[in-house]
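So the sequence shown is numbered by numbering that gives the first Met the number 0: it starts at 0 and just counts up by one. Note that the Cβ used here is the ideal one computed from N, Cα and C, for glycine as well.
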Amino acid sequence: MRAISTTSLAFLFSVAYTSLGVSIVKESSFDGRGLSGSWSAADVVGPVAELEIVNKVIKPDGYARSAVLAGGVFPGPLIKAQKGDNFSINVVNKLHDASMDMDTSIHWHGLVQNRSNWADGVSFVTQCPIRPNNSFQYRFNAREQAGTFWYHSHQSLQYCDGLRGALVIYDPKDPHAHLYDVDDENTVIMLSDWFHEVSNKVVGPPFNPSSTLVNGLGRYPGGPMSPLAVFNVVQGKRYRFRIIGGSCDPWFNFTIDGHTMTIIEADGIETVPVEVDSLPVLAGQRYSVVVTANKPISNYWIRAMPNSPNQTFENGRNSAVLRYVGARAHEPTTKPGPYVLPFDESALHPLENSGAPGIPEIGKADVNINLAVGLGPGGFTVNGVSYRPPPVPVLLQMLSGARHPSELLPSGSVYELPRNKVVEITIPATDLQLGGARGAPHGIHLHGHSFQVIRTSTNGTPNFVNPIRRDTASMGFEALRSNLTFRFVTDNPGPWLMHCHIDFHLHSGFAIVMAEAPADAASQQNAVVPALWNQLCAPSVTAHNHTNMTRPTNDSSIHSI
């Protein structure tokens, strides 16, 4: 293994958030060195970059605690790219705080990783984790994808401790470009929950966060009047705000006092414009909305109310500020509502390629899978089985000759899918026999695909003509007898995790693995997997007597440091 060169790849750089259009003002009275309460700038990197994963004490809401951070900031550096760019992200693990997980991996949420399943970043599904004092280079091309994405740790509960950031791919031929005037790093909004305890000490359910952070700033009950994120707008201009549900547990009801929002993108898919005045954002979901600054020059509350117990907007909690240029630097006095344009997921339609694949009738796809989610003493179950990470990544098992669910671990959690078939997944929000899926609504995320939601959690009438396409959808509520149903085509071989994006639920077993065309995945990935990818697994492979699964190592994707 070679040491990392100081000249390898482009290092992180800071770009001050200043603009005549929009700026996110992060200023703090906390001036202690090493505390990220001082948010005077935000890191922005390109598709070729280095991310150092470090431990650092931060106090984004005024309470100091150790965290796991990309680039030493929360949220992590914004990764910006243009449609068609090649990504090369070198992730360097410098973690040392044993109170939290010190292994890591990075998932690029929403990027389908066509022909690069090995770079999907899921510990023990597509890779072994990156251990401390090692690095790993993720290389992939997003090809035809553009829109709002994000990245986060996919190692245990680690992203709850801070390892998350935004990723945006801009389209120079954006079909919605005529609808807005401003779309840059200053209009990216990441909503996060924050816990004062490290994730493995959080007690629940319910998992009640200490605060809501908007771009890394917020307040908690009884805490100081910490700074809030401020978004500056020029009266008369139209802004594309990219909203990211970067929470570990709750969903947020997102509103802007006195303003409506026009949805033009959901999870990286352009939509037919729909105007709303409130927007539910589940963990893992993303939206682009156009907001016109057409109100009197003043300050307006931006509100992100989580579905957690005992939440209010008192003293600026769960809030940020929309500030018109020319307004005094005061906190708003605006009131919420009234809300007359509610969000309806079934009213969202993709701008292009709108039809669902297969025979337009429920249960008539090539492969139909019904998933019953339950909750028992051992955690969540899917069709009676609680997911537990295998000792060896599923992809490595495939590369070593395993092909069928009976051969693949974790036993009972792997579903084999044939290639180039229409798959229909149905997930009722309740199953009384198994005790019901508590903690609703669960946001279901499928790796490796976007899918057509032919039956949303709020509308039981199937839509095969123009259903919304996305990669994270709500299961809905038990009381409403919601029944989420979606379809996708198996055109992307590899093992893909499907799970609830409430991270505590994933950690408790709410997941399965879609083993898509295992034989094709093995032959395809054999040709593209970096040889040193296997070195990530060397210690655990030896420990579990799977030495037959090792591969030659002759490239520079992983290094000791």
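Is it right to say MET304 is buried, meaning 16 or more other beta carbons lie within 10 angstroms of its own, or is it exposed? buried
Could you check whether the region 183 to 193 touches the region 121 to 138, counting it as contact only if at least three pairs of C-beta atoms, one from each stretch, sit closer than 8 angstroms? no
Please state whether DSSP places PHE342 in a helix, a strand or coil. coil
Pull up the distance between the alpha-carbon of SER307 and that of ASN207, whole angstroms please. 6 angstroms
According to the neighbour-count rule (16 or more other Cβ atoms, all chains shown, within 10 Å of its Cβ), is LEU531 buried or exposed? buried
Report all residues from its chain with a CB closer than 6 angstroms to the CB of GLY83; omit the five preceding and five following residues, and keep chain order. none
According to DSSP, simplified to helix, strand and coil, what is GLY354? coil
Exposed or buried, which one is GLY31 when buried takes at least 16 other CB atoms within 10 Å? For GLY31, the predicted model reports a pLDDT of 28, less than 50, meaning its position is unreliable; a value from the coordinates is still stated below. Exposed: under 16 other Cβ atoms inside 10 Å.
Alpha carbon to alpha carbon, how far is GLY377 from ASN459? Give it in angstroms, no decimals. Note on residue identity: the sequence assigns Gly, not Asn, to residue 459. GLY459 and GLY377: Cα-Cα distance of roughly 31 angstroms.
With the cut-off set at 8 angstroms, would you say VAL288 and ILE242 are in Cβ contact? yes
Identify whether GLU269 lies in helix, strand or coil by the three-state DSSP scheme. strand
Taking Cβ positions, are ALA319 and ILE301 nearer each other than 8 angstroms? yes
Since GLN136 is in the beta strand (DSSP E), which residue starts that stretch and which ends it? 133 to 140
When you compare only the Cα positions, how much space is there between HIS444 and THR455? 14 angstroms
Go ahead and label ARG239 buried or exposed: buried means 16 or more other beta carbons lie within 10 angstroms of its beta carbon, across all protein chains shown. buried
Indicate the three-state DSSP secondary structure (helix, strand or coil) for ASP470 in the structure shown. coil
State the start and end residues of the unbroken alpha helix (DSSP H) segment that holds ASP192. Not the alpha helix (DSSP H): ASP192 falls in the beta strand (DSSP E), residues 187 to 193.
Extent of the continuous alpha helix (DSSP H) run through ASN525: 517 to 527
Going along the chain, which residues of its own chain have a beta-carbon closer than 7 angstroms to the beta-carbon of HIS175, five neighbours each way excluded? ILE263 and GLU269
N- and C-terminal bounds of the beta strand (DSSP E) containing VAL67: 64 to 69
Return the CA-CA distance between SER155 and ALA472, expressed in angstroms with no decimal places. 22 angstroms
LEU398 and ASN317 - do their beta-carbons sit closer together than 8 angstroms? no
When you compare only the Cα positions, how much space is there between THR211 and LYS93? 27 angstroms
Since MET497 is in the beta strand (DSSP E), which residue starts that stretch and which ends it? 493 to 499
What did DSSP end up calling LEU178 once you bin it into helix, strand or coil? helix
Cβ-based neighbour list, VAL43, same chain, cut-off 7 angstroms, excluding 5 preceding and 5 following: VAL14, PRO76, LEU77, LYS79 and GLU184
Would PRO582 pass as a contact of GLN523 if the rule is Cβ separation under 8 angstroms? The requested residue 582 does not occur in the structure, where the chain is confined to residues 0 to 560.
Mark SER410 as exposed unless 16 or more other C-beta atoms lie within 10 angstroms of its C-beta, in which case mark it buried. exposed
Given that a residue counts as buried once 16 or more other Cβ atoms are within 10 Å of its Cβ, and exposed if not, what is VAL464? exposed
Please report how far the alpha carbon of HIS177 lies from the alpha carbon of ARG237, in whole angstroms. 10 angstroms
Alpha carbon to alpha carbon, how far is MET513 from TYR386? Give it in angstroms, no decimals. 13 angstroms
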